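Participant: Below is one structure. I have some questions about it.
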């Protein structure tokens, strides 16, 4: 009970016994408490160091306990002073953090744009944004944006944000439904209240926090080259609207993609749209986040079903027949 004052439980036991039975010596205290004499003497030394024992005027050479109203009150006053000192240190640290944050904010481009030239700088900024999020964090995560260490490092911050009531919504590519790492992370996140969906293709990596700050890659094809932060309300609103449009058509990760009446999976419909635009298998593989071998197998399959002699012809035939449309 008195450990917060620096008194061990054994010393407290001896102190209480001495207050109740002040005439007991070391041997008697040991017998009364059922402990050995060495333990009693160690407790007496501790109590003396804390000024809870004083030399007895009645029995020279022995010690008497100091009244709790005096001895314990003094220890409590010392503990309260230490707590006050610690609180002042915490307040000073909090003020220093605000000062550093203000200096950093002041150093930013006044046009509402700031560049982060490498992955470490981007992750550092994402950590800041996650720690200060108040309402919502949304993100698009194409295949080129994923790194196992990035997902793991974001877990503690995401958990704290969700515990504060922040909404987290993420969209991944359908191709990641076969990635154990991403699926495991998605299950962990949804288990805490986050929301994860997938879509066949995503335009680029993007993160929007509280509809006031957006992070976009400097190079949409290579997120490792850094990012640009945008805070201009109009631009952020447009980016957020794009996310919402993709979110509405994306599927929850625990829902299996539906095959339409023609036997077409969402990824196959998206592949046909890409082919109809005249893109190569290599471009389709990058957009879908799939291997070139997988895309070529899918392309050959849909060409056979459509009776097309070329990839472009397959895309055109599919568009004419409505195969590229979203199922009703």
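Numbering (full-length UniProt numbering), first residue to last: 1 to 328.
Ideal Cβ placement from N, Cα and C applies to all residues, glycine included.
Values in this document were obtained by computation on a predicted structure and should not be read as measured data.
DSSP on residue 110, reduced to helix/strand/coil?
Facilitator: Position 110 of the chain shown, counted from the start, is the residue given in the question as residue 110. Here residue 110 scores only 47 on pLDDT, less than 50, and its place in the model should not be relied on; the value that follows carries that caveat. DSSP places residue 110 in coil when its eight states are reduced to three.
Participant: What does the Cβ neighbour count give for residue 200, buried or exposed, with the cut at 16 atoms within 10 Å?
Facilitator: Here the question's residue 200 lines up with position 200 in the chain shown. Residue 200 should be labelled buried.
Participant: With H, G and I counted as helix, E and B as strand and the rest as coil, what does DSSP make of residue 203?
Facilitator: Counted from its first residue, the chain shown places residue 203 at position 203. Three-state DSSP puts residue 203 in coil, outside helix and strand.
Participant: Whole-angstrom Cβ separation of residue 135 and residue 172, contact assumed at under 8 Å?
Facilitator: Within the chain shown, residue 135 is the residue found at index 135, counting from 1. Within the chain shown, residue 172 is the residue found at index 172, counting from 1. Their Cβ separation, rounded to whole angstroms, is 22 Å, which puts residue 135 and residue 172 out of contact at 8 Å.
Participant: Going by DSSP, what residue range makes up the alpha helix (DSSP H) through residue 167?
Facilitator: Reading the chain shown from its first residue, position 167 is the one you call residue 167. Segment 167-173 is the beta strand (DSSP E) holding residue 167; no alpha helix (DSSP H) there.
Participant: Assuming residue 63 and residue 44 make a contact with CB atoms under 8 Å, what is their CB distance in whole Å?
Facilitator: The count along the chain shown starts at 1 and reaches residue 63 at position 63. The count along the chain shown starts at 1 and reaches residue 44 at position 44. At roughly 7 Å, the Cβ-Cβ gap stays under 8 Å, so residue 63 and residue 44 are in contact.
Participant: Is it the case that the segment 157-165 contacts the segment 179-199, given that we only count it when at least three CB pairs across the two stretches are under 8 Å?
Facilitator: Touching, per the Cβ criterion.
Participant: Check whether the Cβ atoms of residue 47 and residue 11 sit closer than 8 Å, and answer yes or no.
Facilitator: For the purposes of this step, residue 47 is taken as the residue at position 47 of the chain shown. For the purposes of this step, residue 11 is taken as the residue at position 11 of the chain shown. Yes. Within cutoff.
Participant: Note down the Cα distance separating residue 290 from residue 178, rounded to an integer number of angstroms.
Facilitator: Start at 1 with the first residue of the chain shown, and residue 290 comes out as number 290. Start at 1 with the first residue of the chain shown, and residue 178 comes out as number 178. Going by the C-alpha atoms only, they are around 10 Å apart.
Participant: In terms of alpha-carbon separation, which member of 121, 215, 4 lies closest to residue 80?
Facilitator: For the purposes of this step, residue 80 is taken as residue 80 along the chain shown, with counting starting at 1. Comparing Cα-Cα distances from residue 80 to each of 121, 215, 4, the minimum goes to 4.
Participant: In three-state DSSP terms, what is residue 10?
Facilitator: Locating residue 10 in the chain shown gives position 10, counting from the first residue. Note: residue 10 maps to helix in three-state DSSP.
Participant: Along the chain, where does the beta strand (DSSP E) containing residue 55 start, and where does it finish?
Facilitator: As a position in the chain shown, residue 55 is number 55, starting the count at 1. Run containing residue 55: 53-55, per the beta strand (DSSP E) assignment.
Participant: Just to confirm, are residue 206 and residue 215 a CB contact at a threshold of 8 Å?
Facilitator: Residue mapping note: residue 206 aligns to position 206 of the chain shown, counting from 1. Residue mapping note: residue 215 aligns to position 215 of the chain shown, counting from 1. Their beta carbons are under 8 Å apart, which means residue 206 touches residue 215 by this criterion.
Participant: Taking its Cβ as the centre, do 16 or more other Cβ atoms sit within 10 Å of residue 110, making it buried, or is it exposed?
Facilitator: Taking the first residue of the chain shown as 1, we reach residue 110 at position 110. At residue 110 the pLDDT is 47, less than 50, meaning the model places this residue with poor confidence and gives no usable figure here.
Participant: Alpha helix (DSSP H) containing residue 117: first to last residue?
Facilitator: Residue numbering aside, residue 117 sits at position 117 when the chain shown is read from its first letter. First-last for residue 117: undefined, no H or E at that position.
Participant: Where does the unbroken alpha helix (DSSP H) through residue 297 begin, and where does it stop?
Facilitator: Position 297 of the chain shown, counted from the start, is the residue given in the question as residue 297. Here the alpha helix (DSSP H) through residue 297 covers 292-306.
Participant: If you run the structure through DSSP and keep just helix, strand and coil, what is residue 176?
Facilitator: Indexing the chain shown from 1 puts residue 176 at position 176. Helix at residue 176.
Participant: Can you check DSSP and say which residues form a bridge with residue 139?
Facilitator: For the purposes of this step, residue 139 is taken as residue 139 along the chain shown, with counting starting at 1. The partner list for residue 139 (beta bridge, DSSP) reads 170, 207.
Participant: Cutting at 7 Å between CB atoms, please list the residues of its own chain near residue 131, excluding the five before and the five after it.
Facilitator: In the chain shown, residue 131 corresponds to position 131, counting from 1. Closer than 7 Å at the Cβ level, and outside the excluded window around residue 131, lie 157.
Participant: Since residue 284 sits in a beta bridge, which residues does DSSP pair it with?
Facilitator: By one-based count along the chain shown, residue 284 stands at place 284. Bridge partners of residue 284: none, in fact.
Participant: To the nearest angstrom, how far is it from the Cα of residue 17 to the Cα of residue 70?
Facilitator: Numbered from its first residue, the chain shown carries residue 17 at position 17. Numbered from its first residue, the chain shown carries residue 70 at position 70. Cα-Cα distance, rounded: 17 Å.
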